[in-house]
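Undergrad: Mind looking over this structure? Questions follow.
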Amino acid sequence: MIRALALGASLLAVLTPALAGDEAGPKKAEVCAACHGPAGKKPTTPETPRLAGQEYDYLVHVLIDYHKGTRVSPIMNAMAKPLTDKEIHDLASYYSRQDGLTSKR
Ligand code: HEC
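Mapping of the sequence shown onto the numbering used here: position 29 corresponds to residue 274, and the numbering continues sequentially without gaps.
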């Protein structure tokens, strides 16, 4: 529990600069496009979720979960394992800035 809180605090600390945008995001996302499509907009299989426009916090959490193995997906565990903390935030920032999961008003 305390570790979870510490993690949350450290995530908040990096949230602001990551939202400012980082060019490492799009570059790093090239490999992800093979399955999630360009800018995370056009998944190649029905099992692959769209990433474009997903919430920044959600993407960070889920990538950390895949990285640690607490969310299990053979593909995504392998993809997230080598990612650094900064890369996770850059990718989350990149995908959350794409047009995508918008709700109708
Ligand atoms: C070989 C295909 C493939 C590649 C490459 C791939 N993914 Fe995925 N991704 C998947 C699949 C399949 C799922 C669904 C897994 C599950 O059910 O948990 C997924 C799930 C996700 C999710 C969870 C989305 C949600 O709505 O819960 C995120 C975030 C994600 N991928 C990010 C990435 C990133 C970032 C990269 C590049 C570093 C990447 N993926 C590369 C196939 C891929």
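Built from N, CA and C at the ideal position, the CB exists for glycine as well.
Computed from a prediction, not measured in an experiment: that's the story for all the values here.
Would you list, in sequence order, the uninterrupted alpha helix (DSSP H) runs of no fewer than 4 residues that lie entirely inside the segment 265-323?
TA: For the segment 265-323, whole alpha helix (DSSP H) runs of length 4 or above, ordered along the chain, are 269-273, 278-281 and 301-313.
Undergrad: So, for E332: in the same chain, excluding its five sequence neighbours on each side, which residues have a beta-carbon less than 7 angstroms away from its beta-carbon?
TA: Cβ within range, chain order: A269 and K273.
Undergrad: Using the rule of at least 16 other Cβ atoms within 10 Å of the residue's Cβ for burial, across every protein chain shown, is Y339 buried or exposed?
TA: Buried is the call here.
Undergrad: Can you check whether the CB of A279 is closer than 8 angstroms to the CB of K286?
TA: For K286 and A279, no; Cβs fall outside 8 angstroms.
Undergrad: Following a CB-centred definition, is Q343 positioned closer than 7 angstroms to any heavy atom of the ligand HEC?
TA: Not so, every heavy atom of the ligand HEC lies at least 7 angstroms from the Cβ.
Undergrad: Let me know the secondary structure DSSP gives E332 once reduced to three states.
TA: In this structure, E332 counts as helix in the three-state DSSP scheme.
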